[in-house]
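Reading through the structure tokens given below for one structure.
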Amino acid sequence: MRRRGTLLWFVTASLMLLPLIATERVETGGTANIGSRLELLVDDVLIDSMKGVARRLHSPRSAGTVLTFDKPWEGNTSWGESVFKDGQIYRMYYMGRSDPDYARTSGLEPGEKVVPKHPGFLCYAESRDGITWTRPSLGLQEFNGSKDNNIVAPDVASLVPFLDTNPACPPSERYKMSGLRERAGDGAWSVSLMVSGDGVHWRRLQDKPILTRSGSAAFDGLGNAFWSEHEGCYVLYYRPGSTPGRRARSLARSTSPNFREWSDQTL
8 MRRRGTLLWF VTASLMLLPL IATERVETGG TANIGSRLEL LVDDVLIDSM KGVARRLHSP
68 RSAGTVLTFD KPWEGNTSWG ESVFKDGQIY RMYYMGRSDP DYARTSGLEP GEKVVPKHPG
128 FLCYAESRDG ITWTRPSLGL QEFNGSKDNN IVAPDVASLV PFLDTNPACP PSERYKMSGL
188 RERAGDGAWS VSLMVSGDGV HWRRLQDKPI LTRSGSAAFD GLGNAFWSEH EGCYVLYYRP
248 GSTPGRRARS LARSTSPNFR EWSDQTL
């Protein structure tokens, strides 16, 4: 398999494309006060007139590979990188997974290696500058008889950790992640939550899932949660699954005051 690498432009894009906070609509003739908050997308809520404005898309620029997924517990379907700055370090979480038959119709190229198929693991790497990354040997999860790896949680998918900036967040839950996708029976899938006090040792927040949906595509993307200072609540974006009879993807949004009880989805 071709070794997959995390590119610097991808890390940068991941940091920038965070969920955005919508500003409440202002009265005609009024001014939206966004203070120093960064708004990456604009519409008629913020801009009174688009006259003379043109859309121009900028292509990403590759700055080189910063991490190659070549460990036995990684592989060609390692994906879902989540990167954020925490104090003096950058933290990266990603799913280490291998499926040699996935999206491969041609043979191996010279020098390519095949990592045997295995389920997904949540892996961790860190960096001081966002360019040079290390995989710490955590000794938490066993893979092929050894705990000499950077796995923080086994058999997981679609998890996106984040640093909770809620001032009322207890230290033991400073790091959170949503998207623990599990089968719920009768063709349904559920999503649960995990928390951590140090970003390495994770535990399930509660036994009861926060969301359950039917359909093979339910929650099959990366659910993205964060604390919205503007709204005073947690916000979760996720894919609720396909609508019967429609070939389209949808995006849903739920909110929570405490990261435990969540509102009904809004498409």
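Position in the sequence shown (from 1) plus 7 gives the number in this note's numbering.
Using N, Cα and C, we set each Cβ at its ideal position, and we do this for glycine too.
R32, DSSP secondary structure in three states: Note that R32 scores a pLDDT of 49, beneath 50, so its modelled location is shaky; the value from the coordinates is reported in the next line. Coil, per DSSP.
Straight-line gap, G137 to L74 (C-alpha atoms, nearest Å): Near 11 Å, if we compare the C-alpha coordinates of L74 and G137.
Burial state of I217, where buried means 16 or more other Cβ atoms lie within 10 Å: That one is buried.
Alpha-carbon spacing of M57 relative to N40, whole angstroms: Computed Cα separation, rounded: 19 Å.
Those residues which DSSP pairs with L158 across a bridge: A quick correction: the sequence has Ile, not Leu, at residue 158. I158 is bridged to C130.
Contact set for D55: own chain, Cβ-Cβ below 6 Å, skip 5 residues either direction: Nothing listed; no residue qualifies.
F76 vs F169 beta-carbon contact at 8 Å: Contact: no.
Among S235, T219 and W234, the one whose alpha carbon lies nearest that of P247: Selected option, being the one with the closest Cα: T219.
C-beta atoms of P178 and G204 nearer than 8 Å: The beta carbons of P178 and G204 sit closer together than 8 Å.
Rounded straight-line distance, which links the Cα of Y241 to that of L147: Between L147 and Y241, the alpha-carbon positions lie close to 29 Å from each other.
Residue span of the beta strand (DSSP E) that contains C240, given as start and end: Note, C240: beta strand (DSSP E), C240 to Y245.
Every unbroken beta strand (DSSP E) within the region 40–89, with a cutoff of 3 residues, ordered by chain: Entirely contained in the region 40–89, the beta strand (DSSP E) runs reaching 3 residues are, in chain order, 72–75.
Within 8 Å, strictly: CB atoms of I158 and W209: At least 8 Å separates the beta-carbon of I158 from that of W209.
Spatial neighbours of F266 in its chain, beta-carbon cut-off 6 Å, leaving aside the 5 residues before and after: The beta carbon of F266 sits closer than 6 Å to the beta carbons of Y241 from its chain, once the five residues preceding and following it are set aside; these are given in chain order.
Alpha carbon of Y100 to alpha carbon of F233, nearest angstrom: In this structure, the straight-line span from the alpha carbon of Y100 to that of F233 is close to 16 Å.
Cα-Cα separation, T38 to G59: Computed Cα separation, rounded: 20 Å.
Contacts around D171, its chain only, beta-carbon distance under 6 Å, and the 5 residues preceding and following it disregarded: Result list for D171: R181, K183 and W234, in chain order.
Whole-number beta carbon distance between S185 and V198, since they are thought to touch under 8 Å: Correct: roughly 6 Å between the Cβ atoms.
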